[in-house]
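Report on one structure; see the data block that follows.
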Amino acid sequence: MSYPEVGVGLPVVGLRGPDAVVEIATAADELGFAAVSVFERLLVPAAPDWVNHAGLPRESAYDALETLTYVAARTERVRLHTAVLVPLFQQPVVLARRVATLDQLSGGRMDLGIALGWLPEEFVAAGVPARGRVAAFEESVAVLRACWGPDPVEFAGEHYTVPMATLGPKPVAGLMLYGGGVAQPAIERAARIADGLTLAHRDWESTCAAVGWYREAGGSGPIILRAGPMKPHPMLQGPVGFTPETILDDLQRAAAEGITRVDWDLNLIGTPIPDQVAALKALAGRLR
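Each residue of the sequence shown is one higher than the last, beginning at 160 in the working numbering.
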């Protein structure tokens, strides 16, 4: 059987606490999984008239980079992946230094997955203007790459300016930048400005469409899919996949569709931590 690499989604939402994060991360590290991944959620709207069409968890989420820094100190080999972080929520020079610092502290294990973002309330809270977001996002990627390149660093753009400076730290090696999104323009943008693609699996129809858009737009990099069993909601179509019972079939399908790595996330339906560890042990044994 042909399978992609397998990583693990971390439980960074809710009141499970840091012990749960470490337990899953260290299990992934010890069992030989390729990576651990986290997502960024700045807030969840609470207005009485807000409708949760996307099925977002109502609980707060840990900061993505702080979580991965915590995990890096307690693991030895798994790669550290954001799936995804929104650069527009912070100044790109600051983000470049935070990511490079984590890469240095982890021995070069950091992979940065980024996206434009979509939730209006998050943009308002972060002070991101309504106009020019796409241009600012693309320019922020250029600033990140400049900051990670040779000194002196200098950048002059419409949205960001970096005076000529020595700026560090630098990543250990060439840091992989993964673009993410749902809509076709976002996927095509990832093919153009990123090194790879990171996706959140909803159903095979949308996942296969995104992979097709990426390749048709000239994207040739690795593709990471964060996937797990999901509660039914308006964005989900077809049967529930990536359960402990279906995971090998789902991984085989992912390989056939050109997916490089699947980060298996059992937190989407609130799977208890002991059950997650047991499922990871079972899968590790079946993949050997």
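Glycine included, each C-beta is placed from N, C-alpha and C at the ideal position. Quick caveat, the model's predicted, so the values are computed rather than measured.
When you measure from the CB of residue i to every non-hydrogen atom of the ligand FMN, does any distance come out below 8 Å?
i	result
Gly327	This structure simply doesn't include the ligand FMN, nor any ligand for that matter.
Counting along the chain, where does the beta strand (DSSP E) carrying residue i start and finish?
i	result
Thr320	Thr320 to Ala324
Arg351	Element bounds for Arg351: not the beta strand (DSSP E) but the alpha helix (DSSP H), Gln343 to Ile352.
Glu313	Val312 to Ala315
Ser196	Ala194 to Val197
Arg304	Taken as a continuous stretch (DSSP letters only), Arg304 belongs to no beta strand (DSSP E), being part of the alpha helix (DSSP H) at Arg292 to Trp307.
Leu239	Arg238 to Thr241
Please state if the CB of residue j and the CB of residue i are separated by a distance shorter than 9 Å.
i	j	result
Ser465	Val172	There is no way to answer for residue 465, as the model of the chain reaches only from 160 to 447.
Leu326	Phe296	no
Arg385	Ala184	no
Met335	Leu271	yes
Pro204	Glu280	yes
Arg233	Val165	no
Leu358	Ile383	yes
Asp310	Ala324	yes
Gly400	Trp363	yes
Leu224	Val252	no
Ala220	Phe248	no
Arg304	Arg268	no
Ser299	Pro246	yes
Tyr337	Pro381	yes
Ala289	Leu202	no
Could you please give me the residues that DSSP links to residue i through a beta bridge?
i	result
Gly272	Tyr337
Trp423	Val167 and Ala386
Ala359	Arg385
Thr402	In the DSSP output, where bridge partners are listed per residue, Thr402 has none listed.
Ala220	Val172
Leu244	Ile273
Please report the Cβ distance between residue i and residue j, rounded to the nearest whole angstrom; I am assuming they are in contact, meaning their Cβ atoms lie under 8 Å.
i	j	result
Ala193	Arg420	6 Å
Leu190	Leu439	6 Å
Ala441	Pro403	7 Å
Glu313	Ala294	With 8 Å as the limit, Glu313 and Ala294 do not qualify as a contact, their Cβ atoms being about 20 Å apart.
Ile428	Arg175	Their Cβ separation, rounded to whole angstroms, is 14 Å, which puts Ile428 and Arg175 out of contact at 8 Å.
Pro163	Ala414	5 Å
Name the two residues that bound the continuous alpha helix (DSSP H) containing residue i.
i	result
Val331	Run containing Val331: none; DSSP gives neither H nor E here.
Leu439	Ile432 to Leu446
Thr234	Taken as a continuous stretch (DSSP letters only), Thr234 belongs to no alpha helix (DSSP H), as it is neither H nor E.
Glu182	Pro177 to Leu190
Glu416	Segment: none, Glu416 is in no alpha helix (DSSP H) and carries neither H nor E.
Leu215	Where Leu215 is concerned, there is no enclosing alpha helix (DSSP H), given that its DSSP letter is neither H nor E.
Pro279	Pro279 to Ala285
With three or more beta-carbon pairs closer than 8 Å as the criterion, would you say the stretch 259-267 touches the stretch 328-335? yes
With three or more C-beta pairs closer than 8 Å as the rule, is the stretch 338-352 touching the stretch 266-286? yes
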